[in-house]
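In what follows, a structure is listed as structure tokens, so that the remarks can point back to it.
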Amino acid sequence: MNVKDKFGEWKEKADKKSTRDEDFTTVSGQPVDILYLPSSRAAYAQKLGVPGEYPYTRGIHPTMYRGRLWTMRLFSGLGSAEDTNQRYHFLLERGQTGLSGAFD
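For the sequence shown, position 86 (counting from the first letter as 1) is numbered 86 according to full-length UniProt numbering, and the numbering increases by one without interruption.
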């Protein structure tokens, strides 16, 4: 399958998903394209694939982080199970989107 066909296939999937915003820019105000293809850059790395497909080098979602933000995970734990549970609830109530815990 050539790049043009692969892009068309991917675009159909991505167009069915919503994004958080219409336009995306860098912190310096430069527009960010929804997807960069080999024709976008001369030194495009081979075998990057497209978002949402193996080898997932561009993320597991077809729209990458335009439709869903990544999670910021805090590793947290306190003395007892009750203390840890209370801390997790505290973090989630204040907007934490992911938690990682280790139980021993």
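The C-beta atom is built at its ideal place from N, Cα and C for all residues, glycine as well.
Reference residue i, options the options, closest by Cα
{"i": "residue 34", "options": "28, 54, 58", "result": "58"}
{"i": "residue 98", "options": "70, 86, 84", "result": "70"}
{"i": "residue 37", "options": "10, 92, 85, 94", "result": "10"}
{"i": "residue 2", "options": "82, 39, 65, 83", "result": "39"}
Alpha carbon of residue i to alpha carbon of residue j, nearest angstrom
{"i": "residue 49", "j": "residue 80", "result": "45 Å"}
{"i": "residue 28", "j": "residue 89", "result": "36 Å"}
{"i": "residue 8", "j": "residue 94", "result": "40 Å"}
{"i": "residue 85", "j": "residue 53", "result": "36 Å"}
{"i": "residue 6", "j": "residue 83", "result": "50 Å"}
{"i": "residue 4", "j": "residue 60", "result": "21 Å"}
{"i": "residue 12", "j": "residue 51", "result": "12 Å"}
Neighbourhood of residue i by C-beta, 7 Å cutoff - its chain only, sequence neighbours within 5 removed
{"i": "residue 17", "result": "62, 63, 67"}
{"i": "residue 31", "result": "23, 25"}
{"i": "residue 19", "result": "63, 66, 67"}
Same chain, Cβ closer than 6 Å to residue i, neighbours up to 5 away in sequence not counted
{"i": "residue 55", "result": "49"}
{"i": "residue 14", "result": "62, 63"}
{"i": "residue 21", "result": "none"}
Quick one: which unbroken alpha helix (DSSP H) runs of 4-plus residues sit fully inside the UniProt region "Disordered" (1-24)? Chain order, please. Segments of the alpha helix (DSSP H) lying fully in the UniProt region "Disordered" (1-24): 3-15.
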